[in-house]
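Below is one structure, written out as structure tokens; comments come after it.
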Amino acid sequence: MSSEQNSLSRRTLVTRLGAGITGAALTRAVPMEGQASGNATAAPFVDPTTKYPKPPYPGQSQPWPGLASKMNPRPDHGETSYKGSGRLAGRKALITGGDSGMGRAAAIAYAREGADVAISYYPTEEPDAREVIELIKAEGRKAIPLPGDLRQESYCKELVTKALAGLGGLDVVVSNAGRQQQCEDLLQLTTEAFDATMKTNIYAPFWIIKTALPHLKPGSCIIATTSEQAYDPAANLYDYAQTKAATMNFVKSLAKQFGPKGIRVNGVAPGPIWSPLQVSGGATQDHLIHFGETYPLRRAGQPAELASIYVQLAANDASYTTGNIYGAGGGAGQP
Amino acid sequence: MPSNPDPREVGPKPPFPEQSQHHPGSVHELRPQADHGEKSYQGAGRLEGRIAIITGADSGIGRAVAIAFAKEGANIVMSYLPEEEPDAADVVTAIKNCGRKAIPFPGDIGSPGYARELVDVAMKEFGSVDIVVNNAGFQMTHQKIEEISEEEFEHTFRTNVFGTFFLTKAALTKMRPGGAIINTASIQVYEPSKELIAYAATKAAIANMTKSLAKLAADAGIRVNAVAPGPVWTPLIPSTMPQEKVKTFGQNSLFGRPAQPIEMAKVFVFLASADASYVSGEIFSATGGRTPL
Numbered sequence: 000m001s002s003e004q005n006s007l008s009r010r011t012l013v014t015r016l017g018a019g020i021t022g023a024a025l026t027r028a029v030p031m032e033g034q035a036s037g038n039a040t041a042a043p044f045v046d047p048t049t050k051y052p053k054p055p056y057p058g059q060s061q062p063w064p065g066l067a068s069k070m071n072p073r074p075d076h077g078e079t080s081y082k083g084s085g086r087l088a089g090r091k092a093l094i095t096g097g098d099s100g101m102g103r104a105a106a107i108a109y110a111r112e113g114a115d116v117a118i119s120y121y122p123t124e125e126p127d128a129r130e131v132i133e134l135i136k137a138e139g140r141k142a143i144p145l146p147g148d149l150r151q152e153s154y155c156k157e158l159v160t161k162a163l164a165g166l167g168g169l170d171v172v173v174s175n176a177g178r179q180q181q182c183e184d185l186l187q188l189t190t191e192a193f194d195a196t197m198k199t200n201i202y203a204p205f206w207i208i209k210t211a212l213p214h215l216k217p218g219s220c221i222i223a224t225t226s227e228q229a230y231d232p233a234a235n236l237y238d239y240a241q242t243k244a245a246t247m248n249f250v251k252s253l254a255k256q257f258g259p260k261g262i263r264v265n266g267v268a269p270g271p272i273w274s275p276l277q278v279s280g281g282a283t284q285d286h287l288i289h290f291g292e293t294y295p296l297r298r299a300g301q302p303a304e305l306a307s308i309y310v311q312l313a314a315n316d317a318s319y320t321t322g323n324i325y326g327a328g329g330g331a332g333q334p
Numbered sequence: 000m001p002s003n004p005d006p007r008e009v010g011p012k013p014p015f016p017e018q019s020q021h022h023p024g025s026v027h028e029l030r031p032q033a034d035h036g037e038k039s040y041q042g043a044g045r046l047e048g049r050i051a052i053i054t055g056a057d058s059g060i061g062r063a064v065a066i067a068f069a070k071e072g073a074n075i076v077m078s079y080l081p082e083e084e085p086d087a088a089d090v091v092t093a094i095k096n097c098g099r100k101a102i103p104f105p106g107d108i109g110s111p112g113y114a115r116e117l118v119d120v121a122m123k124e125f126g127s128v129d130i131v132v133n134n135a136g137f138q139m140t141h142q143k144i145e146e147i148s149e150e151e152f153e154h155t156f157r158t159n160v161f162g163t164f165f166l167t168k169a170a171l172t173k174m175r176p177g178g179a180i181i182n183t184a185s186i187q188v189y190e191p192s193k194e195l196i197a198y199a200a201t202k203a204a205i206a207n208m209t210k211s212l213a214k215l216a217a218d219a220g221i222r223v224n225a226v227a228p229g230p231v232w233t234p235l236i237p238s239t240m241p242q243e244k245v246k247t248f249g250q251n252s253l254f255g256r257p258a259q260p261i262e263m264a265k266v267f268v269f270l271a272s273a274d275a276s277y278v279s280g281e282i283f284s285a286t287g288g289r290t291p292l
């Protein structure tokens with residue numbers, strides 16, 4: 000998509016909706032208009048290769064953990080594009096990392112599908128989280144903001160307890176928050192950094208799921224965000240990639256453990272997705288500029304494109320799906 | 000149905016009554032009856048105005064996919080074998096009841112000429128092909144390799160692999176950017192049964208072809224994916240499996256039951272829709288807890 004097309008789309012969008020989410024000074028990665036359907040339908044027919052901006056992307060860097068609101072182009076989390084149809088009516092969901100990226104896209108989509116949503120995020124991510132809370136409330140759903148540090152066991156337990164209290168129950172747990180800091184030389188990887196990745200990506204899901212389990216009734220589900228890194232690890236993501244392999248693995252063991260209880264456990268394996276994780280130390284500048292270029296669809300994915308997978312796995316639509324990993328890798332495909 | 004039903008209770012559980020059917024079998028003789036979504040599935044316009052070609056659309060997964068797609072707003076060209084006409088006639092009615100068009104066009108998908116005709120019919124009747132569902136499949140269980148004739152082995156590959164290739168080849172050049180091809184793989188790709196040597200091998204070939212085709216079709220803006228079902232309650236079961244297997248079918252899944260065809264159709268809907276715009280070259284499993292790879 001050229002910048003001209005992009006600004007055109009944005010104008011169209013603002014005209015159609017009256018007002019954007021925030022006065023975005025930056026380019027927004029809005030989806031292209033559908034070709035076949037002139038009016039706004041639930042089913043735009045859109046070329047996936049040109050649906051969103053393509054690389055090269057502008058080089059950019061933010062201090063960890065980064066804000067979606069400061070990215071250029073701004074990621075699309077479905078703020079204006081996602082339309083629900085009651086597929087999660089009455090569900091109560093906890094989503095970690097719900098302020099930005101896939102977690103934010105899932106939070107918006109869940110609310111539009113009729114669910115009440117609690118989100119966890121790191122305290123400095125408050126500006127992004129505020130937007131999500133407002134978007135959930137705009138759907139007439141409960142929105143519970145729960146900031147904290149997932150590396151702390153006490154916070155993880157408190158997170159679940161507060162979500163249960165705030166939502167009046169829990170039947171969907173999306174373990175999505177992740178720490179990714181690239182490091183090209185193992186000799187430069189500190190014990191502290193390694194430990195932070197393990198705590199966030201492996202211990203936190205363990206603490207959260209363990210606390211939630213006694214409250215999950217048959218029909219509930221757990222969805223974990225894994226990654227293409229689980230099976231095709233990058234040289235500079237030694238610590239992150241192995242946590243994603245562990246995630247893929249725990250999805251399968253817990254599916255077997257919880258299946259007989261009527262609780263489904265699945266994973267989502269994204270490819271290159273345009274989110275703050277990448278601009279706040281998750282990728283090198285060169286990698287970021289060419290993000291997704293080598294994939295068959297020749298672009299990075301937007302978080303909004305993953306939202307419906309989190310919906311699909313949470314909804315009754317996935318009633319026979321457990322222990323499975325659904326990939327969204329821009330055409331590369333899981334092995 | 001509540002929005003979060005217990006997955007163990009979504010469909011009937013074994014033991015199932017003794018029953019046997021001649022291949023390819025009919026949904027009418029299945030006991031208990033399978034759920035193809037005629038009543039249970041609710042659409043939301045997710046495939047509004049799409050044109051879909053679905054093979055094996057008369058029964059089982061293909062039948063449920065045809066009904067779900069129609070309920071989501073698609074018009075359907077239905078492929079099936081001439082002897083499956085009675086089952087196909089129900090599907091035509093079900094699609095018409097959704098206010099959508101159904102073009103029944105029977106034939107053998109193992110014939111390249113027929114695959115081209117299917118695409119021609121879609122182009123002539125609707126002017127486009129937006130979604131192709133390669134679903135028709137042949138399987139037969141055998142206890143000994145000596146029982147598998149050369150003809151049957153070849154027929155299995157001709158229907159499952161060649162059929163998928165023929166229709167994909169005929170349709171791909173006619174499809175617009177935004178189109179989707181969905182193949183039908185199986186848990187057999189990852190965990191082949193000793194009784195299904197030919198069938199399991201065809202499914203592995205289809206899974207592989209899904210990935211190469213995804214790379215080839217990406218430049219044209221067309222996504223290619225597959226669904227890998229676990230045990231699904233269809234006429235294929237009593238018409239190709241021994242009685243004792245039919246009786247306990249699906250018991251070894253984590254939910255203690257086989258899937259109903261409509262549960263698979265929902266995965267096809269997702270992959271066909273614009274919701275899956277970054278999903279290509281993927282195999283989405285719905286296996287009741289059997290965890291491939």
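In the order they appear, the protein sequences are chains A and B. Going by numbering that gives the first Met the number 0, the first sequence opens with residue 0, and the numbers climb by one from there. Going by numbering that gives the first Met the number 0, the second sequence opens with residue 0, and the numbers climb by one from there. Ideal Cβ placement from N, Cα and C applies to all residues, glycine included. For clarity, every value in this text was computed on a predicted model and none was experimentally measured.
Counterpart residues of residue i in DSSP-defined beta bridges
i: residue 43 (chain A); result: In DSSP, residue 43 (chain A) forms no bridge with anything.
i: residue 230 (chain A); result: DSSP lists no partner for residue 230 (chain A).
i: residue 278 (chain B); result: The partner list for residue 278 (chain B) (beta bridge, DSSP) is empty, contrary to what the question assumes.
i: residue 102 (chain B); result: B:76
i: residue 119 (chain A); result: A:95 and A:145
i: residue 171 (chain A); result: A:92 and A:220
i: residue 183 (chain B); result: B:226
i: residue 133 (chain B); result: B:182
i: residue 371 (chain A); result: Any property of residue 371 (chain A) remains undetermined from this structure, which presents chain A solely from 0 to 334.
i: residue 325 (chain A); result: A:267
Cβ pair residue i, residue j closer than 9 Å
i: residue 290 (chain A); j: residue 56 (chain A); result: yes
i: residue 101 (chain A); j: residue 236 (chain A); result: no
i: residue 321 (chain A); j: residue 207 (chain A); result: no
i: residue 231 (chain B); j: residue 257 (chain B); result: yes
i: residue 253 (chain A); j: residue 264 (chain A); result: yes
i: residue 78 (chain B); j: residue 105 (chain B); result: yes
i: residue 126 (chain B); j: residue 50 (chain B); result: yes
i: residue 339 (chain A); j: residue 149 (chain A); result: Because chain A spans 0 through 334 in this model, residue 339 (chain A) falls outside it and cannot be assessed.
i: residue 64 (chain A); j: residue 307 (chain A); result: no
i: residue 194 (chain B); j: residue 142 (chain B); result: yes
i: residue 214 (chain A); j: residue 159 (chain A); result: yes
i: residue 67 (chain B); j: residue 36 (chain B); result: yes
i: residue 72 (chain B); j: residue 42 (chain A); result: yes
i: residue 162 (chain B); j: residue 239 (chain B); result: no
i: residue 187 (chain A); j: residue 277 (chain A); result: no
i: residue 127 (chain A); j: residue 275 (chain A); result: yes
i: residue 49 (chain A); j: residue 48 (chain B); result: no
Best match in the options for proximity to residue i [C-alpha to C-alpha]
i: residue 32 (chain B); options: B:63, B:44 and B:45; result: B:63
i: residue 212 (chain A); options: A:194, A:256 and A:278; result: A:256
i: residue 217 (chain B); options: A:296, A:108 and A:118; result: A:296
i: residue 165 (chain B); options: B:151, B:199 and B:116; result: B:116
i: residue 211 (chain B); options: B:239, B:262, B:53 and B:280; result: B:280
i: residue 46 (chain B); options: B:99, B:263, B:213 and B:60; result: B:99
i: residue 191 (chain A); options: A:173, A:172, A:205 and A:238; result: A:238
i: residue 157 (chain A); options: A:300, A:74, A:93 and A:226; result: A:93
i: residue 323 (chain A); options: A:303, A:127, A:115 and A:312; result: A:312
Cross-chain neighbours of residue i in chain D, by beta carbon under 7 Å
i: residue 258 (chain B); result: Going by chain labels, chain D is absent from the structure shown, which instead holds the protein chains A and B.
Checklist entry - Okay, do the region 172-180 of chain B and the region 127-139 of chain B touch, 3+ Cβ pairs below 8 Å being the bar? => result yes
Checklist entry - Do the region 217-228 of chain B and the region 270-285 of chain B make contact, defined as three or more Cβ pairs closer than 8 Å? => result yes
Next on the checklist: Under 9 Å, CB to CB, which of the residues in the region 39-54 of chain A have a partner in chain B?
Outcome noted: 40, 41, 42, 43, 44, 45, 46, 47, 48, 49, 50 and 51
Item to check | Where the region 113-127 of chain B meets chain A: residues whose CB sits under 8 Å from a CB there | outcome: In summary, no residue of the region 113-127 of chain B has a CB separated from any CB of chain A by less than 8 Å.
Next on the checklist: For the structure I just gave you, are there three or more beta carbon pairs, one from the region 194-207 of chain A and one from the region 71-87 of chain A, closer than 8 Å?
Outcome noted: The region 194-207 of chain A and the region 71-87 of chain A do not touch, with fewer than 3 CB-CB distances between them shorter than 8 Å.
Checklist entry - Counting Cβ pairs, one atom from each stretch, are 3 or more of them under 8 Å apart for the region 309-323 of chain A and the region 281-288 of chain B? => result yes
Next on the checklist: So if I threshold CB-CB distances at 9 Å, which residues from the region 160-187 of chain A count as touching chain B?
Outcome noted: 170 and 171
Checklist entry - Using 8 Å as the Cβ pair cut-off and three pairs as the minimum, do the region 244-251 of chain B and the region 214-222 of chain A touch? => result no
Checklist entry - Does the region 163-179 of chain A come close enough to the region 134-147 of chain A to have 3 or more Cβ pairs within less than 8 Å? => result yes
Item to check | Residues, ordered as in the chain, of the region 235-262 of chain A that lie near chain B by beta-carbon distance below 7 Å | outcome: 251, 254, 255, 258, 259 and 261
Item to check | Interface residues of the region 196-223 of chain A facing chain B [CB-CB below 9 Å] | outcome: 216, 217, 218, 219 and 220
Checklist entry - How do the region 198-217 of chain B and the region 85-104 of chain B stand: do at least 3 beta-carbon pairs fall below 8 Å, yes or no? => result These segments do not touch.
Checklist entry - How do the region 281-290 of chain A and the region 9-20 of chain B stand: do at least 3 beta-carbon pairs fall below 8 Å, yes or no? => result no
Item to check | Members of the region 263-275 of chain B near chain A, C-beta cut-off 9 Å | outcome: For the region 263-275 of chain B, the set of residues with a beta-carbon nearer than 9 Å to any beta-carbon of chain A comprises 263, 265, 266, 268, 269, 272, 273, 274 and 275, in chain order.
Checklist entry - Taking Cβ-Cβ distances below 9 Å as the criterion, which residues of the region 2-18 of chain B are in contact with chain A? => result 2, 3, 4, 5, 6, 7, 8, 9 and 10
Checklist entry - When Cβ atoms are compared, which residues of the region 132-160 of chain B fall closer than 7 Å to chain A? => result none
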